[in-house]
C-alpha cells in the first residue's frame, strides 16, 4: 500500500468525532518501509503509560476465544457481569446503556464510556506517571461511574471479524 493511500485512510479515520487522539506506526521487518502519523496531542514520540499494553493482551485473548468459537464480538457484557456491577456504568441522555454494551463496544472503544485515567478529578494518568500503583476492576468501575459518558454505544455497527 502506498504512503498516500495510508495517509488518506488515516486522515479519514481520525475525522470521526469519536477519535480524540491517535498514533499509527507501520514498519516492515527490515525498517526500510515506515509510516508514522499522529493526531490530536499524540505523535510517535508521545509517552504512553505502559498499562496500555494490556489492551493488546486483552485483544489477543478475545480473538483467541473468538477463533475457538467460545464467544462472539456481539456478545453482550451482561453475559459476564451481574446487574449490580453494571448498574450506573453507562448513562447517556437519561438512558442506561450498560445492558446494551457488547464485547466489540469495549474492544473497539465505541462504547462511549469515559476514560477514567484522564478524566477523573485526580487525573490518574498523572498519578500513574509519578508512582507505581494498581487499580482493581471494582475501583475502575466506580471511577468510571462518576464520570459523564460521551455518547451512546453505536447501535448501527455490526462488529464482525474473520480470522
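In the UniProt record's numbering, the protein residues as written are 1 to 163. Note that CB positions come from ideal geometry on N, CA and C, so glycine has one too. All of these numbers come straight from a predicted model, not from anything done at the bench.
C-alpha distance - residue i paired with residue j, whole-angstrom precision
i           : j           : result
residue 118 : residue 66  : 30 Å
residue 44  : residue 19  : 17 Å
residue 164 : residue 47  : There is no way to answer for residue 164, as the model of the chain reaches only from 1 to 163.
residue 90  : residue 152 : 8 Å
residue 82  : residue 28  : 44 Å
residue 162 : residue 6   : Note that residue 162 scores a pLDDT of 49, beneath 50, so its modelled location is shaky; the value from the coordinates is reported in the next line. In a straight line, the C-alpha of residue 162 is about 22 Å away from that of residue 6.
residue 121 : residue 36  : 33 Å
residue 143 : residue 116 : 6 Å
residue 30  : residue 135 : 39 Å
residue 25  : residue 53  : 15 Å
Helix, strand or coil at residue i [DSSP, three-state]
i           : result
residue 57  : helix
residue 168 : What the structure shows of the chain is the stretch from 1 to 163, and residue 168 is not part of that stretch, so it cannot be assessed.
residue 109 : coil
residue 118 : helix
residue 149 : coil
residue 78  : helix
Limits of the beta strand (DSSP E) - the one that residue i falls within
i           : result
residue 26  : 22-27
residue 142 : Element bounds for residue 142: not the beta strand (DSSP E) but the alpha helix (DSSP H), 137-145.
residue 87  : Note, residue 87: premise wrong, no beta strand (DSSP E); not H, not E.
residue 37  : 34-39
Environment of residue i [buried if 16+ CB atoms lie within 10 Å]
i           : result
residue 77  : buried
residue 178 : Missing from the structure shown is residue 178; the chain here goes from 1 to 163 and no further.
residue 3   : exposed
residue 9   : exposed
residue 13  : exposed
residue 149 : buried
residue 56  : exposed
Span of the alpha helix (DSSP H), counted from its first residue to its last, around residue i
i         : result
residue 4 : 3-14
Count the CB pairs spanning the stretch 101-115 and the stretch 132-140 that are closer than 8 Å, and state whether there are at least three. Taking 8 Å as the limit for Cβ pairs, the verdict is that the stretch 132-140 does not touch the stretch 101-115.
Hey, is the stretch 58-73 in contact with the stretch 99-107, meaning 3+ C-beta pairs nearer than 8 Å?
Yes: the two stretches touch, three or more of their Cβ pairs being nearer than 8 Å.
- Is the stretch 34-43 touching the stretch 55-65, taking contact as three or more C-beta pairs under 8 Å? Contact fails: fewer than three Cβ-Cβ distances are below 8 Å.
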